[in-house]
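Protein chains in written order, with our numbering: chain S, 2 to 322; chain X, 2 to 322.
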């Protein structure tokens, strides 16, 4: 019976995926909602999509609120569209209670792409638990990848380690800073310097922007430089006027080439997969404990009818269903 | 072949256990060393011992260095021996690099029991990792329990949460304080007030001891009192002169009766079993990650040949051996 249900889910997912690939935005939205809901059907859907994934290039973009993330994302989308690339944007806002593909209020620059059916923009919000978002974002990326988007931009508010972790689901991570909007030292504290492949100091027409660039340069100089490694460039930009976007594109392309030639792309994707399955395994184990399975085993151990090592094995064994 | 090795280990463990029950201290020491070493054979040994366990009463004794733990333990051993009870002491010292059954230097009061073959005293040290000690102490308790000791005293230095956790492997926990040797507020910070079933303020002949009693009384008054619950008594003692030991014994017996009549003994042993198997399961999972199994799975997920959910299931599945 379970197999039949799974087969049905997979058949349906395949049909939805075919529609999404053909440009049906509603089918795509339904697939993302499904993985976002952490429904048990997610497993079947991902299994079905998996062979069609791995082709997309993923760019992460993070920074404090107000640095101009939407503006830069909008400019990037425009530039990639001009080159004929199919682009998807996942705007992940852990602090926002909104979800369901609603455009955020400040996405003015993104609106110009709203009528372009080769661009898909989707917001994901945490609905209270960031852990869920961290778990569902990789699945949402797989859906977009399988649906044929060549470039996926993950935009996230870089306010802490957890948000930074979401940005690091990307192949290339762009960290945005702006004068007066959380300085480089704050960024260092949030741990975003380590994940940055490219820095953009936006609002470069403002008085303090050169100070931000200097601070960044000093901090990068302090970081250990690996032989043949990537040294994150710092780009000054005024994104609202489109200044610095060409340089950002150039640097991103250089990074993309380096990822491939250095073997770092494979290493990053491997590390991401490891983190994902580790997190899923720990979550499953915690879930089984919460579900009371552990209580039954504990009773047997306390009774002396089961040894604790075998009980631990039982706890680790996926439940038959 | 694995089954034969396991059968051999179990046969050997059974023979050693029979010798230990008959009073062979060396056989007992070998069994404890085996569980302390976290050898793979521990599983077989514990499985063999398990049906003989559950009969021992376990008392935990914790306090800062210098409060007189060894003196109180020695006095307790003497009192229980006078009643004809077979007693074992596990002195767990997370900060000590020594192990292997060596008597600690300050166990002067314990020496009088050194020639009593109905008393077994054993030190366990951390050899660097407290987690290992927390994992092996329950197994050492099982060995002593199966070897026929009616009372097991776990003595541990109460300097932090981890040490306190080891003391809470007991049915009754005695917390020792002394004037000038880490006050009640420090004890509260270390989390030992919550686990205390009986407080002993030792060195009650010293000037500040009444202040320690008053501080403790105030802190207990602040704690929530459950209807029909156990309110930890405070005993003033001068253990070097044997003063207060009779009262301690009386309170411990009252607590032991209450544990049985209230159902708390079963609840505590269940909770202990749950914590033990949870810790073993998480440790096994971390071990499998360290052992490289996760790398192989991560490669398949990164390749798109395995979905992350199935990979997590694989990680949770105990390896075939």
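Glycine included, C-beta positions come from ideal geometry on N, C-alpha and C.
Query, Result
"Sorted by chain position, which residues of the same chain lie with C-beta nearer than 6 Å to residue 13 of chain X's C-beta, five sequence neighbours on each side aside?", "none"
"DSSP on residue 94 of chain S, reduced to helix/strand/coil?", "strand"
"Within the segment 49-96 of chain X, note down every full alpha helix (DSSP H) run reaching 4 residues or more, in order along the chain.", "70-83"
"Report the neighbours of residue 277 of chain X on chain S: residues whose CB is nearer than 9 Å to its CB, in chain order.", "299, 302, 309, 312 and 313"
"For residue 233 of chain X, count neighbouring Cβ atoms within 10 angstroms of its own Cβ and tell me buried if that reaches 16, exposed if not.", "buried"
"The beta strand (DSSP E) with residue 214 of chain X in it runs from where to where?", "Run containing residue 214 of chain X: none in the beta strand (DSSP E); it sits in the alpha helix (DSSP H), 210-223."
"Quick one: give me the first and last residue of the alpha helix (DSSP H) that residue 255 of chain S is part of.", "246-263"
"From which residue to which residue does the beta strand (DSSP E) around residue 241 of chain S run?", "That residue, residue 241 of chain S, is in no beta strand (DSSP E); it is neither H nor E in DSSP."
"Are residue 157 of chain X and residue 167 of chain X closer than 7 Å when you measure CB to CB?", "yes"
"According to DSSP, residue 290 of chain S sits in a beta bridge with which residue or residues?", "Looking at the DSSP assignment, residue 290 of chain S forms no beta bridge with any residue, so it has no partner."
"Compare the beta carbon distance of residue 57 of chain S and residue 154 of chain S with 7 Å and say whether it is the shorter of the two.", "no"
"Residue range of the beta strand (DSSP E) that residue 310 of chain X falls in?", "From DSSP, residue 310 of chain X is part of no beta strand (DSSP E) but of the alpha helix (DSSP H) over 309-317."
"Roughly how many whole angstroms lie between the Cα atoms of residue 148 of chain S and residue 80 of chain S?", "21 Å"
"Using a cut-off of 7 Å between C-beta atoms, extract the partners of residue 1 of chain X located in chain S.", "Residue 1 of chain X lies beyond the residue range present for chain X, which begins at 2 and ends at 322; the question has no answer from this structure."
"Can you tell me whether residue 219 of chain S is buried or exposed, with buried defined as 16 or more other CB within 10 angstroms of its CB?", "exposed"
"Looking at the unbroken alpha helix (DSSP H) that takes in residue 156 of chain S, where does it start and where does it end?", "Here residue 156 of chain S belongs to no alpha helix (DSSP H); instead the beta strand (DSSP E) covers 152-158."
"Can you confirm whether residue 319 of chain S, when its beta carbon is compared against all beta carbons of chain X, has any partner nearer than 7 Å?", "yes"
"Along the alpha helix (DSSP H) that carries residue 34 of chain S, what are the first and last residues, could you check?", "26-37"
"In terms of alpha-carbon separation, which member of X/25, X/119, X/317 and X/42 lies closest to residue 9 of chain X?", "X/42"
"When you compare each of S/249, S/287, S/36 and S/7 to residue 135 of chain S by their alpha carbons, which one comes out closest?", "S/36"
"Buried or exposed: residue 195 of chain S, going by 16 or more other Cβ atoms within 10 Å of its Cβ?", "exposed"
"Can you tell me the Cα-Cα spacing of residue 7 of chain X and residue 76 of chain X, whole angstroms?", "41 Å"
"Is residue 110 of chain S helix, strand or coil when you go by DSSP?", "Here residue 110 of chain S scores only 45 on pLDDT, less than 50, and its place in the model is too uncertain to base an answer on."
"Please state whether DSSP places residue 40 of chain S in a helix, a strand or coil.", "coil"
"Output, in sequence order along the chain, the residues in the segment 22-53 of chain S whose CB is closer than 7 Å to any CB in chain X.", "44, 47, 48, 51 and 52"
"Give a yes or no on whether the minimum CB-CB distance between residue 217 of chain X and chain S is below 7 Å.", "no"
"Starting from the beta carbon of residue 286 of chain X, find every residue of chain S whose beta carbon is closer than 9 Å, and list them in chain order.", "279, 282, 283, 286 and 317"
"Measure the CB-CB distance between residue 198 of chain S and residue 174 of chain S and report whether it falls below 7 Å.", "yes"
"So residue 312 of chain S and residue 302 of chain S are supposed to be a Cβ contact under 8 Å. How far apart are they, rounded?", "5 Å"
"What's the C-alpha gap between residue 276 of chain X and residue 63 of chain X?", "20 Å"
"Assuming residue 145 of chain X contacts residue 89 of chain X under a Cβ cut-off of 8 Å, what Cβ separation, rounded to an integer in Å, is found between them?", "4 Å"
"Is there at least one Cβ from chain X nearer than 7 Å to residue 107 of chain S's Cβ?", "Reliability fails at residue 107 of chain S, whose pLDDT of 41 lies under 50, so the model's placement of it is uncertain and the value that follows must be treated cautiously. Chain X contact via Cβ: absent."
"Exposed or buried, what is residue 139 of chain S when buried is set at 16 or more other beta-carbons lying within 10 Å of its beta-carbon?", "buried"
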